Each structure stands twice: as structure tokens, then as C-alpha cells.
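Novice:
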Amino acid sequence: MKKKVVLIQDNQDILDIMDHVLTEEGYDVTPSLTTKPIDNIDEIKPDVVIVDDHIKGNKKGSEVIEELKSDTETEDLSAVLTSTSPDVPKKAKECKADDYIEKPFDIDQMIEVVKKNA
Numbered sequence: 003m004k005k006k007v008v009l010i011q012d013n014q015d016i017l018d019i020m021d022h023v024l025t026e027e028g029y030d031v032t033p034s035l036t037t038k039p040i041d042n043i044d045e046i047k048p049d050v051v052i053v054d055d056h057i058k059g060n061k062k063g064s065e066v067i068e069e070l071k072s073d074t075e076t077e078d079l080s081a082v083l084t085s086t087s088p089d090v091p092k093k094a095k096e097c098k099a100d101d102y103i104e105k106p107f108d109i110d111q112m113i114e115v116v117k118k119n120a
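Counting with this note's numbering, you get residues 3 to 120 for the letters of the sequence shown.
Structure, rendered in C-alpha cells:
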């Protein structure tokens, strides 16, 4: 069975590229420019959630991950923070993300992070 990835990004082009690459790698991807998939997390049952820190809406990606990690239902779900910010490693640690991807990212490095956490 395919591993499931919820992918939330702030930029349509980056979302499309990451979606395409992960689909090619054999993942079942739920791509979005909003946090809507988080509301359906129980139905989607992803293996990993990848969230950009600068997503559209009222919350930052790090806040979304922090909420997932503080909920007993989703605390064991792997979460990866993505950002162009130079302090993404620090932000990822603060929100209890399992990993991070710095942008601009290397495709192979992104695949490696997803494989490691899915």
C-alpha cells in the first residue's frame, strides 16, 4: 500500500513540483495551498505531513505542526516543516517537527527526508 503524504505549501509552483516528485516516488499525495487537509486528517490518515511555515491563512505552518504534536490523536504523526527562513532548524525544533526541508531544496534531499519520516 502506498504511503500517504499531506503536502501544504504557500506557492502553487512549489506545490506542483513537490506533488509531482513524490507521486513519481510512489506516494499518495494530498496537495493543498490551505490547511483544509488538516481538518480531514482522521479520514486521510497520512504517514507524514509536510507544511510550509508561510502558508495562507491565520496560522503559520509551525503552529499547525505544534497543534498536531500536542493532540494525543495525532502526536505520533510525522511532521516536516519547510521554509526559506535561515532559522528553519530552530523553528522545526520549537514546534516539535520531526524534520525540516530548507528552501530552495534539493529534490534528492527532499525525497530522502520524506522517506526517512514516512
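We treat Cβ as the ideally placed atom computed from N, Cα and C, and that holds for glycine. This structure is a prediction, so every number in the text was calculated from the model and none was measured.
Figure out for me which residue from Ile40, Asp30, Ile19 and Asp15 has the closest Cα to the Cα of Ala81.
Specialist: Ile40
Novice: Just how far apart, CA to CA, sit Lys4 and Lys118?
Specialist: 15 Å
Novice: For Val53, which of Glu104, Asp30 and Gln111 has the nearest alpha-carbon?
Specialist: Glu104
Novice: Going by CA-CA distance only, name the one from Asn60, Glu75, Glu69 and Ile43 that's closest to Asp12.
Specialist: With distances taken between Cα atoms, Asp12 lies closest to Asn60.
Novice: For Leu24 versus Val51, is the C-beta distance shorter than 8 Å?
Specialist: no
Novice: Which first and last residues belong to the alpha helix (DSSP H) in which Ser87 is found?
Specialist: Run containing Ser87: none; DSSP gives neither H nor E here.
Novice: Hey, how far is the Cα of Asp55 from the Cα of Ala99?
Specialist: 11 Å
Novice: Identify the continuous alpha helix (DSSP H) that holds Pro39 and give its terminal residues.
Specialist: Lys38 to Asp41
Novice: Between which two residues does the alpha helix (DSSP H) harbouring Thr25 extend?
Specialist: Run containing Thr25: Gln14 to Glu26, per the alpha helix (DSSP H) assignment.
Novice: Rounded to the nearest angstrom, how far is the Cβ of Glu68 from that of Cys97, given a contact under 8 Å?
Specialist: 4 Å
Novice: Quick one: measure Cβ to Cβ for Thr37 and Val66, integer angstroms, because I've assumed they're closer than 8 Å.
Specialist: 6 Å
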